[in-house]
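In the working numbering, the protein residues as written are 315 to 614.
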Ligand code: PMP
């Protein structure tokens with residue numbers, strides 16, 4: 315009803331940022347909205363890194379971090395997770411102090427492993443690292459129900475990335491948010507292109523935030539179904555790693571699971587880490603999860 319496609323959208327996303335500030339429990343001035351958090355992550359890496367500058371992150375993690383670094387010539391330095399995909403924050407801190415990166419990226423919960431870094435560990439990271447920008451990518455944090463957004467004014471080198479693509483189910487709208495102290499947000503704002511978030515997306519995102527109870531019940535349902543799916547996969551001899559997200563990361567007793575499930579119309583993600591095959595399975599609806607388990611049973 316209030317869509318005027320012949321005029322430019324609000325470049326400052328004022329109303330949307332006000333709504334987001336209530337959801338994220340911060341000030342409007344602490345938020346910069348992007349065309350998905352992808353745009354924001356790329357923007358920050360570009361703003362901070364010259365050729366050869368370093369970016370430190372755990373591996374495995376969200377693969378696009380490396381791509382954005384490659385695009386601007388920054389050097390991506392990966393710190394290996396433990397064998398069970400847990401992440402040792404002391405190893406990360408040690409590497410940071412060794413290579414003095416411009417940026418540290420920590421995905422929490424981690425994609426694709428689902429691993430959750432505890433808040434006191436992130437505080438330890440923040441207390442030990444002052445010379446690098448620390449980006450905590452909380453793309454999946456809505457499912458976890460925990461965040462470090464409350465620390466942005468305590469640590470001026472902390473940035474939190476959030477998105478409406480996961481728990482809000484609005485990936486097609488491309489709305490992400492970068493949250494940090496006011497100075498930092500003002501600084502990054504200088505490199506933002508005008509009108510980066512289109513009018514339709516702003517309106518729809520505002521509507522979604524006005525109906526936050528729907529999002530919250532969806533989150534509760536996903537968390538319940540994830541635990542149920544994990545239990546059922548364990549019963550049929552899968553190794554299932556603890557996840558704080560809307561997917562589970564697993565080892566399968568069935569060889570070529572990706573290809574076999576693809577043949578019955580089920581798409582999962584396949585990963586190869588250190589020569590071993592792992593899968594990331596997104597939590598579906600109750601029925602979808604049942605179909606998945608039944609199809610796997612036939613393959614056993
Ligand atoms: N961070 C992580 C960890 C992700 O998994 C994704 C989406 N796959 C993104 C950021 C980017 O999400 P979007 O651009 O849709 O906000």
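Glycine is no exception: its CB is placed at the ideal position from the N, C-alpha and C atoms.
Reduced DSSP secondary structure (H/G/I, E/B, other) of residue i
i: residue 481; result: coil
i: residue 509; result: coil
i: residue 358; result: helix
i: residue 521; result: helix
i: residue 565; result: strand
i: residue 529; result: helix
i: residue 538; result: helix
i: residue 476; result: strand
i: residue 575; result: helix
i: residue 450; result: strand
i: residue 318; result: coil
i: residue 606; result: helix
i: residue 486; result: helix
i: residue 325; result: coil
i: residue 351; result: helix
i: residue 441; result: helix
i: residue 546; result: helix
i: residue 559; result: coil
i: residue 614; result: coil
Exposed unless 16 or more other CB atoms sit within 10 angstroms - verdict on residue i
i: residue 322; result: exposed
i: residue 414; result: exposed
i: residue 545; result: exposed
i: residue 456; result: buried
i: residue 363; result: buried
i: residue 423; result: buried
i: residue 509; result: exposed
i: residue 431; result: buried
i: residue 540; result: buried
i: residue 526; result: exposed
i: residue 600; result: exposed
i: residue 578; result: exposed
i: residue 344; result: buried
i: residue 476; result: buried
i: residue 427; result: buried
i: residue 485; result: exposed
i: residue 531; result: exposed
i: residue 620; result: Given a span of 315 to 614 for the chain in the structure shown, any question on residue 620 remains unanswerable.
i: residue 506; result: buried
i: residue 569; result: exposed
i: residue 553; result: exposed
i: residue 594; result: buried
i: residue 401; result: buried
i: residue 318; result: exposed
i: residue 668; result: Because the chain here runs from 315 to 614, residue 668 falls outside it and cannot be looked at.
i: residue 377; result: exposed
i: residue 451; result: buried
i: residue 375; result: buried
i: residue 480; result: buried
i: residue 349; result: buried
i: residue 478; result: buried
Paired residues, beta bridge with residue i - DSSP
i: residue 599; result: Answer by DSSP bridge pairing: none, since residue 599 is not bridged.
i: residue 455; result: Looking at the DSSP assignment, residue 455 forms no beta bridge with any residue, so it has no partner.
i: residue 586; result: 591
i: residue 493; result: 345, 474
First and last residue of the uninterrupted beta strand (DSSP E) at residue i
i: residue 554; result: 553-555
i: residue 345; result: 345-348
Extent of the continuous alpha helix (DSSP H) run through residue i
i: residue 619; result: Nothing about residue 619 can be read from this structure; the chain reaches only from 315 to 614.
i: residue 580; result: Here residue 580 belongs to no alpha helix (DSSP H), and DSSP marks it neither H nor E.
i: residue 550; result: Residue 550 -> no alpha helix (DSSP H), and no H or E assigned at all.
i: residue 466; result: It is not in any alpha helix (DSSP H) - residue 466 carries neither H nor E in the DSSP assignment.
i: residue 499; result: 496-503
Tell me the start and end of each unbroken beta strand (DSSP E) in the region 360-438 that is at least 3 residues and wholly inside, in chain order. 368-373, 389-394, 417-421
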